[in-house]
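In our numbering, the protein residues as written are 991 to 1397.
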């Protein structure tokens, strides 16, 4: 006896009426979908992958609130894509963009991965290239620093419209492809409130801002890409002569900040200490820089869950703390030096979400109060602005004056 599984399947005989009804039903289905298809059709858009690797955290800078983040764009087309326009919207409000970037403003905010970040124009000796153009298979990073009015709440979400030109952007009739909506969530993480890392004085917040080398410093290590220096600052002391040095520049002692006590900016626990790396000669490019010595002598301090402060390029033999020490706000940690990847005496300062100089993400912070003295490029000892800033990031490449740290 044959099993049920092996029994042959015999088609059921259908009457002429049933066949007619099925034919009519099939005709109606085809007619309906044939009619609806154009209404539901949409343009495929550009073949790109867009990623925001770290959600922006709103933070005050002077009288404005800023959102600092990146968009990584990978071109999956077989032709170059040129980013013609980038619009940023708060929530789903497409009527009034927070920011519209085109032309030079957009070009200066984009780096193609593998290009010379410092020159923003490819490797030395390479032909000039529009940084907005992403070759097939390549990735570019858009660095964003969006300013918001301080009297309005930060949005919960950002939306982005990206308009690309496919192929040769110089053609008479270029083809446009638009990614209509790329959403980015805005983080609600708390921003650490810090005391100054120095016992007063006038300081330049060097290499800080959207166009700085720190800001563009992507670190690809162990299969992951990080941006630990998103908000990093090179603090350089400005002396009574209105300059960062005196009597020449060939000795570390010629720099006003050299040997300055470095203070804990908050209560915390010491998680890493590196000491014993020799001092550099000022204005001489260090040799044999590696991942292990790039920060020179340094201390990392955990001040909150997932919040770590790095103090780098410290003076050799000056570190006064050890791993697992608990320190209080205002305690002396070390002295300012010139070690690691540095060509002059300064303090490299950053706050990150992990216990690593490079394998972590830079997060914003604010100082309780200081006086903003204007951009470093315009600073004169006897001629500068003087504006109190409260609970704010420093100004980009700005000169500021700290009062004594609170204990």
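Every residue gets a Cβ at the ideal spot worked out from N, C-alpha and C, and that includes glycine.
Note that the coordinates shown come from a computational prediction; the quantities given were computed from them, not determined experimentally.
- Please classify residue 1236: is it buried, with 16 or more other beta-carbons within 10 angstroms of its beta-carbon, or exposed? Classification for residue 1236: exposed.
- Query: By Cβ distance below 8 Å, which residues in the same chain neighbour residue 1387 in space, the five residues on each side in sequence not counted?
  - Reply: Around residue 1387: 1194, 1195, 1196, 1197, 1198, 1199, 1202, 1365, 1366, 1367.
- Give a yes or no on contact between the segment 1169–1178 and the segment 1035–1048, applying the rule of three or more CB pairs nearer than 8 Å. Contact holds: three or more Cβ-Cβ distances are below 8 Å.
- Message: Between residue 1209 and chain B, is any beta-carbon pair separated by less than 8 Å?
- Response: Any reference to chain B falls outside this structure, which holds one protein chain only.
- Look at the Cβ atom of residue 1339, then the Cβ atom of residue 1223, and state whether they are nearer than 8 Å. Yes. Within cutoff.
- Which of the three DSSP states, helix, strand or coil, is assigned to residue 996? At residue 996 the pLDDT is 41, less than 50, meaning the model places this residue with poor confidence; the figure from the coordinates comes in the next sentence. Coil, per DSSP.
- Item | Among 1239, 1233, 1120, 1191, the one whose alpha carbon lies nearest that of residue 1274 | Considering only 1239, 1233, 1120, 1191, the residue with the shortest C-alpha distance to residue 1274 is 1239.
- Message: Among the candidates 1293, 1284, 1300, 1318, whose CA atom is the shortest distance from the CA of residue 1332?
- Response: That would be 1284, whose Cα lies nearest to the Cα of residue 1332.
- Cβ pair residue 1121, residue 1103 closer than 8 Å: No.
- Task: Name, in chain order, the residues that DSSP records as bridge partners for residue 1382.
- Result: Per DSSP, the beta-bridge partners of residue 1382 are 1357.
- Count the other CB atoms within 10 Å of the CB of residue 1053; is the residue buried (16 or more) or exposed (fewer)? The residue in question, residue 1053, is exposed, as its Cβ has fewer than 16 Cβ neighbours within 10 Å.
- Item | Coarse secondary structure for residue 1175, derived from DSSP in three states | In the three-state reduction of the DSSP assignment, residue 1175 falls in the strand class, which pools E and B.
- Task: Helix, strand or coil for residue 1231, going by three-state DSSP, please let me know.
- Result: DSSP places residue 1231 outside both helix and strand once states are collapsed to three, so it counts as coil.
- Query: Within 10 angstroms of its Cβ, does residue 1154 collect 16 or more other Cβ (buried), or is it exposed?
  - Reply: Residue burial is scored here from C-beta neighbours: residue 1154 has at least 16 other C-beta atoms within 10 angstroms and is therefore classed as buried.
- Task: Pick helix, strand or coil for residue 1366, following the three-state DSSP scheme.
- Result: Looking at residue 1366 - three-state DSSP - the assignment turns out to be helix.
- Query: Is it true that the CB of residue 1308 sits closer than 8 Å to the CB of residue 1291?
  - Reply: Not closer than 8 Å, so no.
- Message: Given a cut-off of 8 Å on the beta-carbon distance, is the pair residue 1246 and residue 1234 in contact?
- Response: Cβ atoms of residue 1246 and residue 1234: closer than 8 Å.
- When the Cα atoms are used, what is the spatial distance from residue 1177 to residue 1046? When only Cα atoms are considered, residue 1177 and residue 1046 end up about 6 Å apart.
- Look up residue 1096 in the DSSP assignment and say whether it is helix, strand or coil. In the structure shown, residue 1096 falls within a helical segment according to DSSP collapsed to helix, strand and coil.
- Message: Quick check: is any heavy atom of the ligand FAD less than 7 Å from the C-beta of residue 1260?
- Response: As for the ligand FAD, it is missing from this structure, which has no ligand bound.
- Query: Can at least three beta-carbon pairs, one atom from the segment 1057–1077 and one from the segment 1134–1146, be found at a separation below 8 Å?
  - Reply: Touching, yes, given that three or more Cβ pairs across the two stretches are closer than 8 Å.
- Given a cut-off of 8 Å, decide if residue 1187 and residue 1301 are closer than it, judged by their beta-carbon atoms. Contact: yes.
- Tell me whether residue 1242 sits in a helix, a strand or coil according to DSSP, three-state version. Three-state DSSP puts residue 1242 in a helix.
- Just the C-alpha distance for residue 1349 and residue 1288, rounded to the nearest angstrom, thanks. In a straight line, the C-alpha of residue 1349 is about 15 Å away from that of residue 1288.
- Report yes or no: do the segment 1340–1360 and the segment 1215–1222 share at least 3 C-beta pairs separated by less than 8 Å? Under the three-pair Cβ rule at 8 Å, the segment 1340–1360 counts as touching the segment 1215–1222.
- Message: How far does the beta strand (DSSP E) with residue 1131 in it extend, from its first residue to its last?
- Response: Note, residue 1131: beta strand (DSSP E), 1129–1139.
- Query: Given residue 1157, which residues of its chain have a CB within under 8 Å of its CB, disregarding the five upstream and five downstream residues?
  - Reply: Listed in chain order, the non-local C-beta contacts of residue 1157 below 8 Å within the same chain comprise 1069, 1070, 1164, 1165, local neighbours out to five positions each way being set aside.
- Task: Count the other C-beta atoms from every protein chain shown that fall within 10 angstroms of the C-beta of residue 1342, then say buried if there are 16 or more, exposed otherwise.
- Result: Its Cβ being crowded by 16 or more others within 10 Å, residue 1342 is buried.
- Query: Just reading off the beta strand (DSSP E) that residue 1392 is part of, what are its end residues?
  - Reply: Element bounds for residue 1392: 1388–1392.
- Message: Residues in the same chain with beta-carbon distance under 6 Å from residue 1264, minus the five sequence neighbours each way, listed in chain order, please.
- Response: For residue 1264, where only same-chain residues beyond five positions count, the Cβ hits under 6 Å are 1287, 1288.
- Message: Applying the 10 Å Cβ sphere with the 16-neighbour rule, what's the burial state of residue 1141?
- Response: With fewer than 16 Cβ atoms within 10 Å of its Cβ, residue 1141 is classed as exposed.
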